[in-house]
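*Asks:*
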Amino acid sequence: MINTERPFSRRSLLRVGLFGSAALAGAGLIGSLSGCSAEHSAAGFVQLRESDLPVLRRLTPIILKGAVPESSMPDAVRGTLTSLDEGLAHLPPAVSKQVSQLFDLLSLPLTRGPLTGVWGGWEQAQDGEIQALLQRWENSPIALLRQGHASLQQMILMAWYGRPESWRHCGYPGPPVI
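Counting in this note's numbering, the sequence shown runs from 103 upward without gaps.
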């Protein structure tokens, strides 16, 4: 007896692969044509570009929710972005390019809507939309989206928990002093 209740057929898997490849190729082409890849860093940052900041300013508070009191969130976001920028400045060029491509996918209107569900600008995105995006990417059947979710979450959390102001919340007394 043949099991016909497979969750994915070979044809649907090929469609998903082709769609993902086309989306990445399109984002790369549009990014290079629009100059996103050559965009200079934002004022006060080494690696982060002006186009990266709206995405990160909306994602960071959602990811840090529960780890930072609401009253301290604006300062925590600024500090986290500073730490993230410092960390990104020490990445090898190949990894740095991949992070920039991830930020481009999230920033460019052509790819942002279909991949994230955020059809307007990031500044207008509601918390629920961003939480839904993170949950969709975390549980996506597309490995690239799951990797994007893990990368975003790890980068932001590492940047936050590397800051001394985060240590008290998690009970870390700080590095040992000799």
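All residues carry an ideal CB built from backbone N, CA and C; glycine is no exception.
These numbers were taken from a predicted model, which means no experiment stands behind them.
In terms of residue numbering, what span does the alpha helix (DSSP H) encompassing W262 cover?
*Replies:* In the sequence shown, counting from the first residue as 1, residue 262 sits at position 160. W262 -> alpha helix (DSSP H) spans A245 to Y263.
*Asks:* Please report the Cβ distance between I164 and D229, rounded to the nearest whole angstrom; I am assuming they are in contact, meaning their Cβ atoms lie under 8 Å.
*Replies:* On the sequence shown, position 62 is the one that residue 164 refers to. On the sequence shown, position 127 is the one that residue 229 refers to. Contact holds; Cβ gap of about 6 Å.
*Asks:* Need the endpoints of the alpha helix (DSSP H) that G222 sits in, please.
*Replies:* Mapped onto the sequence shown, residue 222 falls at position 120. Element bounds for G222: n/a, residue is neither H nor E.
*Asks:* Which one or two residues does DSSP pair with S143 in a beta bridge?
*Replies:* In the sequence shown, residue 143 corresponds to position 41, counting from 1. Answer is R151, bridged to S143.
*Asks:* Which residue wins for smallest C-alpha separation from G264, given the options E188, A245, R248 and E152?
*Replies:* Translated into positions along the sequence shown, residue 264 becomes position 162. Checking every option, the nearest Cα to that of G264 belongs to E188.
*Asks:* Do I244 and R160 count as a contact pair if the criterion is CB distance below 7 Å?
*Replies:* In the sequence shown, counting from the first residue as 1, residue 160 sits at position 58. In the sequence shown, counting from the first residue as 1, residue 244 sits at position 142. Not closer than 7 Å, so no.
*Asks:* So which of F147, L166, G181 and H192 has the shortest CA-CA distance to L254?
*Replies:* Along the sequence shown, one-based indexing puts residue 254 at 152. The shortest C-alpha separation from L254 is found at L166.
*Asks:* So, does the stretch 238–252 touch the stretch 171–179, judging by three or more C-beta pairs under 8 Å?
*Replies:* No, the stretch 238–252 does not touch the stretch 171–179.
*Asks:* Against chain B, does L166 count as a neighbour if the rule is that its beta carbon must be under 7 Å from one of theirs?
*Replies:* Among the chains of the structure shown, chain B does not appear; only one protein chain is present.
*Asks:* Using a Cβ distance threshold of 8 Å, determine whether the stretch 145–155 contacts the stretch 200–220, with at least three qualifying pairs required.
*Replies:* Yes: the two stretches touch, three or more of their Cβ pairs being nearer than 8 Å.
*Asks:* Given P250, which residues of its chain have a CB within under 7 Å of its CB, disregarding the five upstream and five downstream residues?
*Replies:* Sequence index remark: in the sequence shown, residue 250 carries index 148 (1-based). The sequence given here places Gly at residue 250; Pro does not occur at that position. Counting only Cβ-Cβ distances below 7 Å, and skipping sequence neighbours, we find L204 and W239.
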